[in-house]
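Sequential numbering from 562 applies to the sequence shown in our numbering. Accompanying notes for the structure given below.
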Amino acid sequence: MAPAGPLKIGITCYPTYGGSGVVATELGLELAQRGHQIHFISYAQPIRLNRSVANIHYHEVEVSRYPLFDYPPYDLALATRMAEVSELYELDLLHVHYAIPHSVSALLARQMLAWGASHRKLPFVTTLHGTDITLVGQDRSYLPVTRFSIEQSDGVTAISHYLRERTLREFSIPNHIQVIHNFVNCELYCRDRDRGQSRNEYAPHGERLLVHVSNFRPVKRVTDVIEIFDRVRKQIPARLLLMGDGPERSPAEWLAVQKGIRNDVIFLGKQEQIAEKLAIADALLLPSQLESFGLAALEAMACEVVPIATRVGGIPEVIEHGDTGWLAEVGDVDSMAAYAIQILNDEAALRAMGKRCRAQARERFSAKRIIPQYEDFYRQVLERSS
Ligand code: GMT
562 MAPAGPLKIG ITCYPTYGGS GVVATELGLE LAQRGHQIHF ISYAQPIRLN
612 RSVANIHYHE VEVSRYPLFD YPPYDLALAT RMAEVSELYE LDLLHVHYAI
662 PHSVSALLAR QMLAWGASHR KLPFVTTLHG TDITLVGQDR SYLPVTRFSI
712 EQSDGVTAIS HYLRERTLRE FSIPNHIQVI HNFVNCELYC RDRDRGQSRN
762 EYAPHGERLL VHVSNFRPVK RVTDVIEIFD RVRKQIPARL LLMGDGPERS
812 PAEWLAVQKG IRNDVIFLGK QEQIAEKLAI ADALLLPSQL ESFGLAALEA
862 MACEVVPIAT RVGGIPEVIE HGDTGWLAEV GDVDSMAAYA IQILNDEAAL
912 RAMGKRCRAQ ARERFSAKRI IPQYEDFYRQ VLERSS
């Protein structure tokens, strides 16, 4: 029987700036607010866990360094800590975000506890986020172990229908995969000018403000962001804010210099409080090669910021072309610029679309709507495993 009241859940994720870590952390915070006991188990404190909150606990995974270990075995240290924390705090289940290597560690932890003196049951849920399937999982050196650990999971969720279909197709796994879309906290992500950074600081002469948020990996096509902005900038006074950092930042900076628009392109680096900056923008540029969901677009939409993105992966599940943003083919910077110019030139249409974006975020992707889906899913998993 699944426990009737609050659950004790261990959450593991990449604690740095990736979208999966953000989703895992926000999920933990939302669950804690609903009275569940949440135990984060990771090598560093998740970045958005920057305040002390009731019902949240953090357990750091220490990885021993030894001269023999050219590659310190984090996966094993994680499995050990998962088993230890589960036993000490009597966890009901583990929820791992991003299959590699977290679901392998969870599988080991489950085996260790089942084998141990207490014969404890420790079911685990794996949430697939994207590159764990679409890029990393396709690498032959990871594929068999990733497929195995997904198959062995007691429950599997995917953040979009696109990712679910692709996983079933390319991994040929027999599991049921439940789609639970990503969510946004609409109280935090909103167009609240008093709380936010002043728009004047970035757009002192009433320029339009465009924004991009990512980890600046090649899949994000950050140089396309600059190309789009350059075209927009030729037609209307505008400035561009870029949040995040990664390998494509330097090529993007150089392109902005070459185009002669360096002064209107502001690289802010990694930001902890992106809601405040999103809340002052007009449009978001997300010209990615692939997005299984596109959390940045959803967070922008909650702030009434119109997303202009590529028609790839799970993005069409989030943005309705022409109604709550604009979609174009990968690399079609001319079309994306044309959409931006059209909407930014029409204040009434921009604000009306912004309102529809927020309505869509609230109605389909709010934390209030999505978190109960996870709670139900946990209880189903616990029922099945009892
Ligand atoms: O690739 C990234 O942007 C990071 C990656 C992650 O797992 O940290 O993001 C994936 O998960 C996000 C949260 O669920 C999704 O919003 C992103 O679309 C997805 N990225 C890709 O599919 C490329």
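All C-beta atoms, glycine included, are put in the ideal place defined by N, C-alpha and C.
Would a C-beta distance cut-off of 8 Å place isoleucine 931 and methionine 897 closer than the cut-off?
no
In the DSSP assignment, what residue or residues form a beta bridge with methionine 804?
Val774 and Gly830
Given a cut-off of 8 Å, decide if valine 783 and leucine 802 are closer than it, judged by their beta-carbon atoms.
no
Between tyrosine 627 and the ligand GMT, is the CB less than 7 Å from at least one heavy atom?
no
Residues of its chain near glycine 767, where Cβ-Cβ distance is below 7 Å and the 5 sequence neighbours each way are ignored:
none
Limits of the unbroken alpha helix (DSSP H) element including serine 811
810 to 819
To test your reading of the DSSP string, which unbroken alpha helix (DSSP H) runs of 4 or more residues are found completely within the segment 686 to 733?
692 to 695, 704 to 713 and 722 to 732
When Asp825, Arg725, Leu859 and Gly807 are compared against leucine 749, the one with the closest alpha-carbon:
Leu859
Same chain only: Cβ atoms within 8 Å of arginine 917, ignoring 5 sequence neighbours per side
Asp884 and Thr885
Go ahead and label isoleucine 797 buried or exposed: buried means 16 or more other beta carbons lie within 10 angstroms of its beta carbon, across all protein chains shown.
exposed
Nearest by alpha-carbon distance to leucine 847: which of Val891, Asp653, Ala585 and Asp700 is it?
Val891
Going by the C-beta, is histidine 663 closer than 7 Å to any heavy atom of the ligand NAP?
Inclusion of the ligand NAP in the displayed structure is not the case, the ligand content consisting of the ligand GMT alone.
Using the Cα positions of histidine 994 and isoleucine 902, report the straight-line distance between them to the nearest angstrom.
Residue 994 is absent from the structure shown; the chain starts at 562 and stops at 947.
Considering only the beta carbon of each residue, do alanine 842 and valine 866 sit closer than 8 Å?
yes
Straight-line Cα distance separating isoleucine 711 from cysteine 864:
35 Å
Check whether the Cβ atoms of valine 894 and arginine 792 lie closer than 8 Å to each other.
yes
Delimiting residues of the beta strand (DSSP E) encompassing valine 867
867 to 871
To the nearest angstrom, how far is it from the Cα of isoleucine 570 to the Cα of asparagine 824?
47 Å
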